[in-house]
Amino acid sequence: MQRHKLEARTAKEVSKRAGKKGKADAAAAEAALAGRHVAELAAFDSAGGPGGGGGGGGGGSSDDGDASDGQAAAAAVAKVSLGEEGGGAAGKPSGGPTRAQARRAARAAAEAARDAAADADRAAAAATGPRVAEADDLAATLAQRGLGVVDVPADGHCLYAALAHQLQASSTTTSTTADPSSPLAPWTVTSLRSLAAAHMRTHRAEFEPFVAAEEAAAGAGGGGGGGGEAGEAGEGADDPFEAHCAAVEHTAAWGGQAEIAALAAALPAEVTVLSVGLPPVVMGGEMGEVVGGGGDGEKAARAAASPSRRLTICYLRHALALGAHYNSVAPLEEVEEKDEEEELVENGGE
2 MQRHKLEART AKEVSKRAGK KGKADAAAAE AALAGRHVAE LAAFDSAGGP GGGGGGGGGG
62 SSDDGDASDG QAAAAAVAKV SLGEEGGGAA GKPSGGPTRA QARRAARAAA EAARDAAADA
122 DRAAAAATGP RVAEADDLAA TLAQRGLGVV DVPADGHCLY AALAHQLQAS STTTSTTADP
182 SSPLAPWTVT SLRSLAAAHM RTHRAEFEPF VAAEEAAAGA GGGGGGGGEA GEAGEGADDP
242 FEAHCAAVEH TAAWGGQAEI AALAAALPAE VTVLSVGLPP VVMGGEMGEV VGGGGDGEKA
302 ARAAASPSRR LTICYLRHAL ALGAHYNSVA PLEEVEEKDE EEELVENGGE
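Under the numbering used here, the final residue of the sequence shown carries the number 351; numbering is consecutive throughout.
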């Protein structure tokens, strides 16, 4: 049928545009669509072809008839089982399905048609929605800098995981000090959360206004700040700032600009955050401001002590249904090589 060819062609185009992350959804939609086509054609053949059904107004290839082919095919299956299309005694076609079986088949065909249409809609939305557009634009922005995206889990720890990846990637830097903030320290999500919380507590006067503003914004928007999770840590019930610090240290509360500033000052490091539609945000180091970093002399000393510790992460506003997300970055050549290796594994290559 013309409609089948058009739907199959559209599904293939959607699959091509879906990219790596949407490949699974697009493949599932194509498979569901193919299954529906098989069910419809089988029901259509059982009904006796273009002349077998009633009320269609001239065969299954007309534009008006195509929109309801799935329902017509399901009805045709039921008619065959009831003897309305010939072939045996009424209700008992020779060697055919029983009435109950035909009704079940008709319902299954109709449900398959609805599910396939819903899958196709979801695949099309995934391939053309703001999440995909933002990811494509970010990839282009990073490519101009010779960088590619390194995905980190979306588990509430993404900011710290992205920075830990950056620190681990720069861990070959030689350190001559036993200071725990040296580039050779084994940075993890847990250690970075503890460091951020400790620095914020030590520099409370500098950070408290920022934390209060973030908490107010999160409360007004109903969104994913960390303050609402502080109760899990069992600390600071009567002190909102301490509650925030406890959530930073002990829970999966999301990190934001205040936590980036704290880590930039405490590490010390220059942290650059790249995103779509916004200029790069630089925290710490020689080019950026550090909240709670001390006077100009202390800032200069920190920058001079670790001039090579420059960390770059990226920020996506539409990555998740629940809110924003941070990822790390790496040289584009490394990212592309890793993607090729993963594709080989997925395709059964060596």
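Glycine included, C-beta positions come from ideal geometry on N, C-alpha and C.
If only uninterrupted alpha helix (DSSP H) runs of at least 4 residues are considered, those enclosed by the stretch 96-145 are 100-129 and 131-145.
Going by DSSP, residue 241 is part of no beta strand (DSSP E) but of the alpha helix (DSSP H) stretching over 241-251.
A distance below 8 Å between beta-carbons, with the five flanking residues on each side excluded, links residue 211 to the following residues of its chain, in chain order: 258, 259, 262 and 292. Inter-residue distance for residue 213 and residue 152 is about 30 Å (C-alpha atoms, whole angstroms). DSSP, read as helix, strand or coil, puts residue 210 in helix. Only residues of its own chain outside the window of five on either side were considered, and among them 33, 34 and 37 have a CB closer than 6 Å to the CB of residue 117, listed in chain order. Rounded to whole angstroms, residue 146 and residue 240 show a C-alpha spacing of 43 Å. As computed with DSSP, residue 326 is found in a beta bridge with 317.
Residue range 271-275 is occupied by the beta strand (DSSP E) that includes residue 275.
Residue 149 is bridged by DSSP to 331. Distance from the CA atom of residue 135 to the CA atom of residue 144, rounded to whole angstroms, is 14 Å. For the set 10, 8, 326 and 310, the Cα lying nearest the Cα of residue 168 is the one of 310.
When rounded, the separation of the alpha-carbon atoms in residue 271 and residue 253 is 24 Å. Per DSSP, reduced to three states, the secondary structure at residue 268 is coil, with no helix or strand assignment.
Judged by beta-carbon spacing, residue 285 lies beyond the 7 Å limit of residue 267, meaning their Cβ atoms are not closer than that value.
Burial check for residue 196: the Cβ neighbour count within 10 Å reaches 16 or more, so the residue is buried. 275 is the residue among 275, 205, 245 and 325 whose C-alpha sits nearest the C-alpha of residue 139. The alpha-carbon of residue 160 is positioned some 6 Å away from that of residue 256.
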